[in-house]
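Asks: FYI, in the working numbering the residues of the sequence shown are 4 to 733. Here a beta-carbon is modelled for each residue, glycine too, at the ideal position from N, C-alpha and C. Because the structure is a prediction, the values reported are computed rather than measured. My questions will all concern the structure given below.
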Amino acid sequence: MPDEDTSHPVLDARQVRLLSQGRHPDPFSVLGPTKDGRHLVARIPGAIQLWAVNATDQVQLEPHPQDPELFTGPALPYYRLRIRWASGYVEEREDPYRFGPVIGEFDEHLIGEGEHRSLWKALGAHLITHEQVAGAHFALWAPNARRVSVVGDFNSWNGTAHPMRARGATGVWELFLPGLDEGAVYKYEILGPDGELLPLKADPIGFGSEHPPATGSVIRRIEAHDWRDGSWLARREQINLVNAPISIYEVHLGSWRRTEGTGQSLSYLQLATQLVDYAADMGFTHIEVLPVTEHPFDGSWGYQPIGLFAPTIRYGTPQEFAAFVDAAHQRGLGVIADWVPGHFPTDQHGLGRFDGTALYEHLDPREGFHPDWNTLIYNYGRPEVRNYLVANALYWLGEYHLDGLRVDAVASMINRDYSRAEGEWIANKDGGNENYEALDFLKQTNMASYAQHPGIAMIAEDSTAYPGVTRPVDAGGLGFGYKWNLGWMNDSLEYFGKDPVYRKHHHNQLTFGITYAFSENFLLPISHDEVVHGKGSMYSRMPGSHADKLGNLKAFYGYMWGHPGKKLLFMGQEFGQPAEWDYQAQLDWNILDDPGHAGVQTLVQDLNRIYREQPALHRGDASPEGFQWLLVDDIEHQVFAWLRRGEPGDPHVVVVLNLTPVERTGFRIGFPVAGRWVEALNTDSERYHGANRGHGGAIETEAVPSGGEAQSALLTLPPLSAIYFVEERS
Numbered sequence: 004m005p006d007e008d009t010s011h012p013v014l015d016a017r018q019v020r021l022l023s024q025g026r027h028p029d030p031f032s033v034l035g036p037t038k039d040g041r042h043l044v045a046r047i048p049g050a051i052q053l054w055a056v057n058a059t060d061q062v063q064l065e066p067h068p069q070d071p072e073l074f075t076g077p078a079l080p081y082y083r084l085r086i087r088w089a090s091g092y093v094e095e096r097e098d099p100y101r102f103g104p105v106i107g108e109f110d111e112h113l114i115g116e117g118e119h120r121s122l123w124k125a126l127g128a129h130l131i132t133h134e135q136v137a138g139a140h141f142a143l144w145a146p147n148a149r150r151v152s153v154v155g156d157f158n159s160w161n162g163t164a165h166p167m168r169a170r171g172a173t174g175v176w177e178l179f180l181p182g183l184d185e186g187a188v189y190k191y192e193i194l195g196p197d198g199e200l201l202p203l204k205a206d207p208i209g210f211g212s213e214h215p216p217a218t219g220s221v222i223r224r225i226e227a228h229d230w231r232d233g234s235w236l237a238r239r240e241q242i243n244l245v246n247a248p249i250s251i252y253e254v255h256l257g258s259w260r261r262t263e264g265t266g267q268s269l270s271y272l273q274l275a276t277q278l279v280d281y282a283a284d285m286g287f288t289h290i291e292v293l294p295v296t297e298h299p300f301d302g303s304w305g306y307q308p309i310g311l312f313a314p315t316i317r318y319g320t321p322q323e324f325a326a327f328v329d330a331a332h333q334r335g336l337g338v339i340a341d342w343v344p345g346h347f348p349t350d351q352h353g354l355g356r357f358d359g360t361a362l363y364e365h366l367d368p369r370e371g372f373h374p375d376w377n378t379l380i381y382n383y384g385r386p387e388v389r390n391y392l393v394a395n396a397l398y399w400l401g402e403y404h405l406d407g408l409r410v411d412a413v414a415s416m417i418n419r420d421y422s423r424a425e426g427e428w429i430a431n432k433d434g435g436n437e438n439y440e441a442l443d444f445l446k447q448t449n450m451a452s453y454a455q456h457p458g459i460a461m462i463a464e465d466s467t468a469y470p471g472v473t474r475p476v477d478a479g480g481l482g483f484g485y486k487w488n489l490g491w492m493n494d495s496l497e498y499f500g501k502d503p504v505y506r507k508h509h510h511n512q513l514t515f516g517i518t519y520a521f522s523e524n525f526l527l528p529i530s531h532d533e534v535v536h537g538k539g540s541m542y543s544r545m546p547g548s549h550a551d552k553l554g555n556l557k558a559f560y561g562y563m564w565g566h567p568g569k570k571l572l573f574m575g576q577e578f579g580q581p582a583e584w585d586y587q588a589q590l591d592w593n594i595l596d597d598p599g600h601a602g603v604q605t606l607v608q609d610l611n612r613i614y615r616e617q618p619a620l621h622r623g624d625a626s627p628e629g630f631q632w633l634l635v636d637d638i639e640h641q642v643f644a645w646l647r648r649g650e651p652g653d654p655h656v657v658v659v660l661n662l663t664p665v666e667r668t669g670f671r672i673g674f675p676v677a678g679r680w681v682e683a684l685n686t687d688s689e690r691y692h693g694a695n696r697g698h699g700g701a702i703e704t705e706a707v708p709s710g711g712e713a714q715s716a717l718l719t720l721p722p723l724s725a726i727y728f729v730e731e732r733s
């Protein structure tokens with residue numbers, strides 16, 4: 004049946020109907036000035052009268068008989084729209100449909116190829132001046148959508164008001180909206196490939212978000228901070244090296260400390276002084292923050308993010324997060340963020356079925372759904388998705404000057420059968436369980452990150468035995484800088500959790516780790532994962548009485564800081580918090596009134612100091628030449644001793660552990676060099692609320708062979724203790 008009115012000089016009835024329904028496939032072909040320059044078409048939902056005005060003329064536009072919110076009339080050059088609303092209020096606005104496109108052909112080409120390493124500069128919402136007018140430019144990748152509109156308070160969330168311009172085969176949509184400023188809330192209204200109206204979507208490259216539980220994206224400036232960390236960046240390449248001291252304080256920003264009275268989480272600006280000062284005073288070299296990317300559910304701690312490009316608004320704005328990083332750098336602290344490219348939640352405003360299709364995820368749940376976390380898995384084989392994630396890593400490293408990313412759940416990414424029973428996963432093209440696409444993605448991310456930001460550290464949280472995680476990509480590896488040593492962590496915690504009477508039966512759990520300690524560049528993690536879900540705290544894991552727990556914990560930290568590998572400790576464990584971590588409450592700072600817990604805190608501070616000061620404790624972290632057993636097989640007494648070496652000329656350090664509650668006097672240990680050795684640290688010192696059993700500050704070796712060494716010394720080993728002896732050199 005033919006359309007009714009076909010006599011209108013500009014629009015036929017079909018076009019009118021499509022515009023009114025918000026289903027026109029190419030709104031820029033009919034809205035704004037017509038191609039011949041003779042007519043003007045504007046659709047303003049809620050308007051009752053409309054004029055086109057410029058510096059000299061005013062023309063009233065006429066409502067269309069089929070849609071009174073659609074107006075047409077003669078064109079004016081350089082016009083604005085004067086709108087009378089039903090309330091009688093009159094205002095002037097620019098017409099978005101008189102502006103040309105913003106995205107250039109080169110951006111389109113890179114997006115289409117999946118090679119746009121600065122993707123966030125092309126897509127997302129940016130405040131710009133376009134054709135001499137200020138406003139916000141929106142751009143989005145949604146290749147299977149029939150129509151995309153920007154909606155927000157500025158247009159009463161009406162999807163027919165601001166449909167976007169399609170940019171062709173790349174699947175990009177864009178629109179410049181004059182007059183918008185920072186703080187405006189927006190989403191995208193999308194019609195799927197069959198014309199179905201989808202749930203409103205947050206911007207995948209939104210730089211800000213509303214406070215949860217609201218889910219809108221917020222226009223934010225990301226370039227506004229005045230950075231003052233140039234000297235830090237200039238020397239950063241030396242700070243993250245494998246032969247440098249790296250001691251990381253892992254923090255959940257919302258529960259480290261809370262404000263008095265209100266109990267609210269500290270802001271980024273408050274953390275920039277309180278947390279930064281504390282971590283620096285404690286001697287840590289880096290702060291690692293649990294994911295600060297925006298996330299809908301507090302209880303995910305950030306590990307189920309939706310706003311990958313937005314620092315969570317829970318603690319402040321993007322500019323304030325940048326100020327936090329800057330403050331850390333000015334105190335000599337690096338900042339590492341946990342990064343989650345492995346999966347994303349199914350919340351309807353997120354990436355799932357983004358344009359009505361499985362766009363970011365796999366269609367088949369055997370590849371695209373994570374059974375452990377009820378989340379969706381990225382399709383790493385799709386160039387645009389891979390580019391989205393690689394660019395996101397570069398965004399955090401570049402825009403926020405982060406010193407590294409700890410990549411979460413690598414094992415779940417690289418194994419197709421991760422947490423899946425037989426028949427619940429799809430093999431790769433060779434019939435195996437390796438996820439080739441995820442492996443390629445990780446390699447690309449690491450190569451791009453190190454190439455664009457020398458001196459950063461990419462860190463893998465990986466529980467697999469995949470070889471070469473920290474080997475360069477061109478040498479067959481994945482290209483990470485460091486790998487979490489989860490095998491060491493599991494064995495060590497299981498050993499220390501045993502009553503000392505049983506430890507001799509688990510002796511190898513403390514010695515086995517050295518057999519592979521130098522196969523990767525390892526980082527020793529006692530992370531948030533070890534103090535949640537009923538596992539207790541580090542303090543509560545230790546056996547025995549209160550005094551025994553503190554003694555065991557201090558011995559554990561002495562063992563950890565003396566062991567090859569960089570260090571990571573989750574907040575609260577540095578003073579032996581008794582309770583398991585609760586993300587809804589601050590740490591139990593009051594426990595520091597107990598001198599035993601205060602002693603643990605002082606010990607960690609001193610361990611960080613001696614770890615930095617003594618090259619032997621960090622220069623050989625990734626080299627077998629940096630370690631030598633001096634006593635490894637004393638199963639009955641559970642005494643361990645080893646040597647740490649640095650470079651030629653560095654003083655040696657000998658670490659001795661007594662992991663039973665029995666004091667050992669006159670216990671002979673071999674030493675590699677004759678002479679005086681300073682007792683640089685003793686966990687039984689009264690400084691740490693111990694009994695002060697030791698050696699009066701130093702020992703002298705004697706020419707009595709022991710343990711294969713020509714020199715030895717008779718030591719007093721306090722119960723449940725660790726002692727560091729540093730070679731004295733003239």
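(1) Ends of the alpha helix (DSSP H) at H332?
(2) Let's test the definition: count the other Cβ atoms within 10 Å of the Cβ of I131 and tell me whether it reaches 16, buried, or not, exposed.
(3) Beta-carbon separation of L21 and V44 under 8 Å?
(4) Should the segment 89-108 be called in touch with the segment 185-198, which here means at least 3 C-beta pairs below 8 Å?
(5) Measure the alpha-carbon distance for W632 versus T320 and round it to whole angstroms.
(6) Sorted by chain position, which residues of the same chain lie with C-beta nearer than 7 Å to E639's C-beta, five sequence neighbours on each side aside?
(7) Looking at N390 and the ligand MN, is the gap between the Cβ and the nearest heavy atom below 7 Å?
(8) Note down, one range per segment and in chain order, each beta strand (DSSP E) of at least 3 residues found wholly within the segment 521-589.
(9) Does the separation of the CB atoms of G484 and L527 fall below 8 Å?
(10) Ignoring anything shorter than 3 residues or poking outside the segment 98-164, list the beta strand (DSSP E) runs there in chain order.
(11) Can you grab the Cα-Cα spacing for the pair D8 / D70, in whole Å?
(12) What are the partner residues of Y485, as DSSP defines its beta bridges?
(13) Out of curiosity, what's the CA-to-CA distance linking H289 and I47?
(14) Excluding the five sequence neighbours on either side, which residues of its own chain have a C-beta within less than 6 Å of the C-beta of V681, listed in chain order?
(15) Tell me the residue span of the beta strand (DSSP E) that contains N661.
(16) Let me make sure I understand the geometry here. Which of H509, Q241, A588 has the alpha-carbon closest to that of T265?
(17) Count the other C-beta atoms from every protein chain shown that fall within 10 angstroms of the C-beta of T59, then say buried if there are 16 or more, exposed otherwise.
(18) Output yes or no for whether 8 Å exceeds the beta carbon distance between F670 and V707.
(19) Look at the alpha carbon of P5 and the alpha carbon of A16, and state the distance between them as a whole number of angstroms.
(20) Assign R317 to buried or exposed, taking buried as 16 or more other Cβ atoms, counted over all protein chains shown, within 10 Å of its Cβ.
(21) For Q351 and T218, I'd like the C-alpha separation in whole angstroms.
(22) For H119, which option in W144, G211, M541, H365 has the closest C-alpha, if you only look at C-alpha atoms?
(23) Measuring alpha carbon to alpha carbon, tell me which of G479, R615, G623 ends up nearest F521.
(24) For P181, collect the residues of the same chain with a Cβ closer than 6 Å to its Cβ; drop the 5 residues on either side in sequence, then sort them by chain order.
(25) Assuming N436 and N418 make a contact with CB atoms under 8 Å, what is their CB distance in whole Å?
(26) Whole angstroms is fine: what's the gap from A55's alpha carbon to G35's?
(27) With DSSP collapsed to three states, give me the class of V388.
(28) Cutting at 8 Å between CB atoms, please list the residues of its own chain near I339, excluding the five before and the five after it.
(29) Helix, strand or coil, according to DSSP, for E7 in the structure here?
(30) Just to confirm my understanding: we take Y439, look at its own chain, exclude 5 residues before and 5 after, and list those with CB closer than 8 Å. What are they?
(31) In three-state terms, what does DSSP make of T59?
(32) Applying the criterion that 16 or more other CB atoms from any shown protein chain within 10 Å of the CB defines a buried residue, is A89 buried or exposed?
(33) Following the continuous beta strand (DSSP E) through A701, name the residue where it begins and the one where it ends.
(34) Taking 8 Å as the cut-off, does the segment 608-615 touch the segment 272-289 (at least 3 CB pairs, one atom from each stretch)?
(35) Measuring only the C-alpha atoms, how far is P374 from R423?
(36) Which complete beta strand (DSSP E) runs does the segment 180-239 hold, if anything under 3 residues is left out?
Replies: Concretely, from the data shown:
(1) For the purposes of this step, residue 332 is taken as the residue at position 329 of the sequence shown. That run of the alpha helix (DSSP H) goes 321-333.
(2) Mapped onto the sequence shown, residue 131 falls at position 128. Looking at its Cβ environment, which holds fewer than 16 other Cβ atoms inside 10 Å, I131 is exposed.
(3) Numbered from its first residue, the sequence shown carries residue 21 at position 18. Numbered from its first residue, the sequence shown carries residue 44 at position 41. Their beta carbons are not under 8 Å apart, which means L21 does not touch V44 by this criterion.
(4) no
(5) The residue you call residue 632 lines up with position 629 of the sequence shown. The residue you call residue 320 lines up with position 317 of the sequence shown. Approximately 51 Å, taken between the alpha carbons.
(6) Start at 1 with the first residue of the sequence shown, and residue 639 comes out as number 636. Closer than 7 Å at Cβ, skipping near neighbours: K507.
(7) What this structure holds is no ligand at all, so the ligand MN is not there to describe.
(8) 525-529, 569-573
(9) Here residue 484 refers to the residue found at position 481 when the sequence shown is read from its first residue. Here residue 527 refers to the residue found at position 524 when the sequence shown is read from its first residue. Not in contact: G484 and L527 (Cβ atoms no closer than 8 Å).
(10) 127-133, 136-144, 150-155
(11) Residue 8 sits at position 5 when you count from the first residue of the sequence shown. Residue 70 sits at position 67 when you count from the first residue of the sequence shown. Any reading at D8 needs caution, since the residue's pLDDT is 38, under 50, leaving its predicted position unreliable; the model's value is listed next. The straight-line gap from Cα to Cα measures roughly 12 Å.
(12) As a position in the sequence shown, residue 485 is number 482, starting the count at 1. Its beta-bridge partners are I462.
(13) Taking the first residue of the sequence shown as 1, we reach residue 289 at position 286. Taking the first residue of the sequence shown as 1, we reach residue 47 at position 44. Straight-line Cα distance between these residues: approximately 53 Å.
(14) By one-based count along the sequence shown, residue 681 stands at place 678. Closer than 6 Å at the Cβ level, and outside the excluded window around V681, lie A701, V729, E731.
(15) Walking along the sequence shown from the start, residue 661 turns up at place 658. Unbroken beta strand (DSSP E) run through N661: 656-661.
(16) Working through the sequence shown from its first residue, we reach residue 265 at position 262. Of H509, Q241, A588, the residue nearest in Cα terms is A588.
(17) Walking along the sequence shown from the start, residue 59 turns up at place 56. Exposed, since its Cβ has fewer than 16 Cβ neighbours within 10 Å.
(18) Your numbering for residue 670 matches position 667 in the sequence shown. Your numbering for residue 707 matches position 704 in the sequence shown. Taking 8 Å as the Cβ cut-off, F670 and V707 do not qualify as a contacting pair.
(19) Here residue 5 refers to the residue found at position 2 when the sequence shown is read from its first residue. Here residue 16 refers to the residue found at position 13 when the sequence shown is read from its first residue. The predicted model places P5 with a pLDDT of 36, which falls under 50 and marks its position as unreliable, so this point remains unresolved.
(20) For the purposes of this step, residue 317 is taken as residue 314 along the sequence shown, with counting starting at 1. Flag for R317 reads buried.
(21) As a position in the sequence shown, residue 351 is number 348, starting the count at 1. As a position in the sequence shown, residue 218 is number 215, starting the count at 1. Each residue's Cα considered, the two are about 10 Å apart.
(22) What you label residue 119 is simply residue 116 of the sequence shown in a count that begins at 1. Among W144, G211, M541, H365, the Cα nearest to that of H119 is on W144.
(23) The residue given as residue 521 occupies position 518 in the sequence shown. Minimum Cα distance to F521 is reached at G623.
(24) The residue you call residue 181 lines up with position 178 of the sequence shown. Result list for P181: E97, V136, G138, in chain order.
(25) By 1-based counting over the sequence shown, the position of residue 436 is 433. By 1-based counting over the sequence shown, the position of residue 418 is 415. Going by Cβ atoms, the distance from N436 to N418 rounds to 6 Å, so yes, they are a contact pair.
(26) Along the sequence shown, one-based indexing puts residue 55 at 52. Along the sequence shown, one-based indexing puts residue 35 at 32. Distance between the alpha carbons of A55 and G35 is about 11 Å.
(27) Position 385 of the sequence shown, counting from 1, holds the residue named residue 388. In the structure shown, V388 sits in a helix (DSSP, three-state: H, G or I).
(28) If you number the sequence shown from 1, residue 339 lands on position 336. Hits under 8 Å: I251, H289, I290, E291, V292, L405, D406, G407, L408, R409, A460, I462.
(29) Walking along the sequence shown from the start, residue 7 turns up at place 4. For E7, the pLDDT reaches just 39, beneath the cut-off of 50, and the residue's location in the model is therefore unreliable, although a value from the coordinates is still provided. Correct three-state label for E7: coil.
(30) The residue you call residue 439 lines up with position 436 of the sequence shown. N431, K432.
(31) Here residue 59 refers to the residue found at position 56 when the sequence shown is read from its first residue. If DSSP states are grouped into helix, strand and coil, T59 belongs with coil.
(32) Position 86 of the sequence shown, counted from the start, is the residue given in the question as residue 89. Result: exposed.
(33) Here residue 701 corresponds to residue number 698 of the sequence shown, with the count starting at 1. Note, A701: beta strand (DSSP E), 701-703.
(34) yes
(35) Here the question's residue 374 lines up with position 371 in the sequence shown. Here the question's residue 423 lines up with position 420 in the sequence shown. So the alpha carbons of these two residues sit roughly 8 Å apart.
(36) 188-194
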